[in-house]
Amino acid sequence: METLDNWQWQMTNRITNISSLRDYVNISEQEAGEIAAAGTKFHWAITPYYASLMDKKDTHCPIRMQAIPSILELRNQSGLQDPLQEEQQSPTPGLIHRYPDRVALTVSSECAMYCRHCTRKRFVGQPVQRTSWQAIQLGIDYIRSTESIRDVLITGGDPFILSNDRLERILKTLRAIDHVEIIRFGTRTPCTMPQRITNQLCDMLAKYHPLWVNTHFNHPRELTEEAAQAAHRLLGAGIPLGNQSVLLRGINDDLETMKSLLHGLLKMRIRPYYLYQCDRIIGTEHFWTPLNTGLDLIDHLQGYTTGLAVPQFIVDSPLGKIPLSRAKLLELNDNHAVLRNYEGQVMTIPCGIEPESTRLAI
Numbered sequence: 001m002e003t004l005d006n007w008q009w010q011m012t013n014r015i016t017n018i019s020s021l022r023d024y025v026n027i028s029e030q031e032a033g034e035i036a037a038a039g040t041k042f043h044w045a046i047t048p049y050y051a052s053l054m055d056k057k058d059t060h061c062p063i064r065m066q067a068i069p070s071i072l073e074l075r076n077q078s079g080l081q082d083p084l085q086e087e088q089q090s091p092t093p094g095l096i097h098r099y100p101d102r103v104a105l106t107v108s109s110e111c112a113m114y115c116r117h118c119t120r121k122r123f124v125g126q127p128v129q130r131t132s133w134q135a136i137q138l139g140i141d142y143i144r145s146t147e148s149i150r151d152v153l154i155t156g157g158d159p160f161i162l163s164n165d166r167l168e169r170i171l172k173t174l175r176a177i178d179h180v181e182i183i184r185f186g187t188r189t190p191c192t193m194p195q196r197i198t199n200q201l202c203d204m205l206a207k208y209h210p211l212w213v214n215t216h217f218n219h220p221r222e223l224t225e226e227a228a229q230a231a232h233r234l235l236g237a238g239i240p241l242g243n244q245s246v247l248l249r250g251i252n253d254d255l256e257t258m259k260s261l262l263h264g265l266l267k268m269r270i271r272p273y274y275l276y277q278c279d280r281i282i283g284t285e286h287f288w289t290p291l292n293t294g295l296d297l298i299d300h301l302q303g304y305t306t307g308l309a310v311p312q313f314i315v316d317s318p319l320g321k322i323p324l325s326r327a328k329l330l331e332l333n334d335n336h337a338v339l340r341n342y343e344g345q346v347m348t349i350p351c352g353i354e355p356e357s358t359r360l361a362i
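Under our numbering, read the sequence shown as residues 1 to 362, first letter to last.
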């Protein structure tokens with residue numbers, strides 16, 4: 001019998017209409033019309049689990065804002081369909097080759113939930129040829145013939161929406177390529193549908209080490225007991241976990257929320273990895289923050305919490321991921337460097353190398 005704890009049940013019973021949504025949150029008639037209008041252009045679906053985390057009355061609930069379509073998605077059209085130019089960097093459909101030694105292989109166009117800030121709104125939630133087995137095989141053939149590729153990121157959509165058999169077929173084929181050293185997964189299921197992280201999935205993944213998983217939590221309210229159990233199962237299979245958050249206006253762009261999120265992740269043994277500036281995707285302008293917001297957050301984290309909790313602040317671009325931080329190195333020459341610490345204090349340190357002839361014999 002299928003239950004709430006079964007991931008197939010969660011997928012089958014995803015919320016895709018106003019009537020079902022009203023079982024979890026209050027929706028006015030005006031809001032219902034706005035959701036319908038935005039949902040016509042941008043797909044939406046929410047797992048019952050993730051909907052259960054929403055505040056029933058608060059329309060500014062950070063869980064609601066990430067999941068429920070907003071009329072702002074239609075009013076703000078200054079973004080781009082593909083700001084990272086992934087389509088131009090795809091030698092085969094669904095394979096993105098931006099860096100010399102690694103690629104991203106998109107194997108699914110489905111997600112447990114369609115995030116309103118999704119970078120790949122242009123195809124996620126739609127049946128597309130790029131995720132057929134024929135397209136995946138073309139990508140794997142490209143990887144096999146390109147010996148510089150040592151690192152493969154399996155992404156989507158969400159790859160963990162696929163069956164264990166499908167995932168294992170992909171992993172087994174990649175592991176047969178000698179020059180592929182590391183395989184990584186990008187998945188949000190530990191956050192939006194932790195029921196997917198079953199013992200059977202973890203046992204299968206453990207056969208194909210070294211594997212890494214990066215997940216995607218944006219707010220401390222997402223750090224539930226169910227999510228912690230999912231993380232524990234992956235860790236128990238020997239899979240290191242990292243987290244990639246997106247900086248979102250009104251959701252996690254204040255220091256206390258961000259610090260609570262990062263500390264909570266560490267308690268679950270998930271290493272904060274990246275904090276992304278929100279990509280300039282069409283329909284996401286209401287989530288964008290100034291670059292100074294991210295820089296300020298990093299400044300107020302460094303030195304005031306463990307370095308393990310401080311992610312890299314990243315602007316993604318067609319030229320790759322670019323880490324940003326305010327300068328700590330103020331001056332550098334052959335003799336000394338001027339540095340600034342987390343409190344703004346400045347100090348000078350010697351950095352030249354003493355000539356061999358002047359060193360004392362020991």
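C-beta atoms are modelled at their ideal positions from N, C-alpha and C, and glycine is treated no differently.
Integer Cβ distance of residue i from residue j, believed to fall under 8 angstroms
i: LEU275; j: ILE239; result: Actually they do not touch by this definition, with Cβ atoms about 22 angstroms apart.
i: GLY303; j: ASN341; result: 7 angstroms
i: PHE42; j: GLU73; result: 6 angstroms
i: PRO350; j: PRO311; result: In fact, because the Cβ distance is near 32 angstroms, the residues do not count as touching under 8 angstroms.
i: THR215; j: THR187; result: 6 angstroms
i: GLN244; j: PRO194; result: That belief does not hold up - the Cβ atoms of GLN244 and PRO194 are roughly 17 angstroms apart, past 8 angstroms.
Three-way DSSP call (helix, strand, coil) for residue i in this model
i: LEU74; result: helix
i: SER108; result: coil
i: LEU330; result: strand
i: THR348; result: strand
i: PRO290; result: coil
i: TRP212; result: strand
i: SER20; result: helix
i: HIS97; result: strand
i: THR358; result: Any reading at THR358 must be qualified, since the residue scores a pLDDT of 47, below 50, and its modelled position is unreliable; the value itself is stated next. THR358 falls in the helix class under three-state DSSP.
i: ARG340; result: strand
i: ILE63; result: helix
i: GLY242; result: strand
i: LEU319; result: coil
Through-space distance from residue j to residue i, alpha-carbon basis
i: ASP253; j: MET113; result: 22 angstroms
i: THR146; j: TYR24; result: 49 angstroms
i: TRP9; j: PHE217; result: 22 angstroms
i: ILE34; j: TRP44; result: A small correction: the amino acid at residue 34 is Glu; Ile does not occupy that position in the sequence shown. Their backbone Cα atoms lie some 13 angstroms apart in a straight line.
i: GLY39; j: PRO69; result: 6 angstroms
i: ARG130; j: PRO159; result: 13 angstroms
i: ILE136; j: ARG102; result: 16 angstroms
i: ALA36; j: PRO127; result: 21 angstroms
i: GLY94; j: ASN335; result: 50 angstroms
i: ILE177; j: PHE313; result: 33 angstroms
i: ILE170; j: SER325; result: 37 angstroms
i: GLU331; j: LEU295; result: 20 angstroms
i: LEU329; j: ILE298; result: 16 angstroms
i: ALA32; j: LEU153; result: 38 angstroms
i: GLN85; j: ARG122; result: 12 angstroms
i: LEU360; j: ARG144; result: Because the pLDDT at LEU360 is just 49, under 50, the model does not fix this residue reliably, and the value given afterwards should be weighed accordingly. About 55 angstroms.
i: ILE251; j: PRO62; result: 5 angstroms
i: HIS117; j: THR348; result: 43 angstroms
i: SER357; j: ALA327; result: Per-residue confidence for SER357 stands at a pLDDT of 48, beneath the threshold of 50, marking its modelled position as unreliable; no derived number is given.
i: LEU339; j: ASN333; result: 12 angstroms
Minimum C-alpha distance to residue i - residue among the options
i: TRP212; options: ARG184, HIS60, THR257; result: ARG184
i: GLN432; options: SER132, PHE287, SER108; result: This structure leaves residue 432 out entirely; the chain is present only between 1 and 362.
i: LEU279; options: ILE322, ASP296, MET258, ASN243; result: Residue identity check: residue 279 is Asp in the sequence provided, not Leu. Ranking ILE322, ASP296, MET258, ASN243 by Cα distance to ASP279 puts ILE322 first.
i: GLU285; options: ASN335, GLN89, GLY79, SER52; result: GLY79
i: GLY151; options: ILE182, VAL128, ARG169, ARG122; result: Going by the sequence as given, residue 151 is Asp instead of Gly. That would be ILE182, whose Cα lies nearest to the Cα of ASP151.
i: HIS60; options: THR215, ILE197, ILE27; result: ILE27
i: LEU261; options: LEU241, LEU223, HIS232, SER317; result: LEU223
i: PRO83; options: LEU339, ASP316, LEU330, LEU329; result: ASP316
i: TRP7; options: LEU201, VAL346, ALA327; result: LEU201
i: PRO210; options: THR189, ARG221, MET11, LYS172; result: LYS172
i: SER52; options: ARG75, LEU4, GLN81; result: LEU4
i: GLU225; options: SER20, TYR50, ILE71; result: TYR50
Within 8 angstroms, strictly: CB atoms of residue i and residue j
i: THR305; j: LEU247; result: no
i: ARG98; j: GLY320; result: yes
i: SER108; j: LEU174; result: no
i: LEU291; j: GLN277; result: yes
i: HIS300; j: LEU255; result: yes
i: ARG196; j: ALA231; result: no
i: TYR142; j: PRO100; result: no
i: ILE18; j: ILE46; result: no
i: CYS191; j: GLY156; result: no
i: ILE281; j: THR119; result: yes
i: LEU105; j: GLY139; result: yes
i: ARG233; j: THR289; result: no
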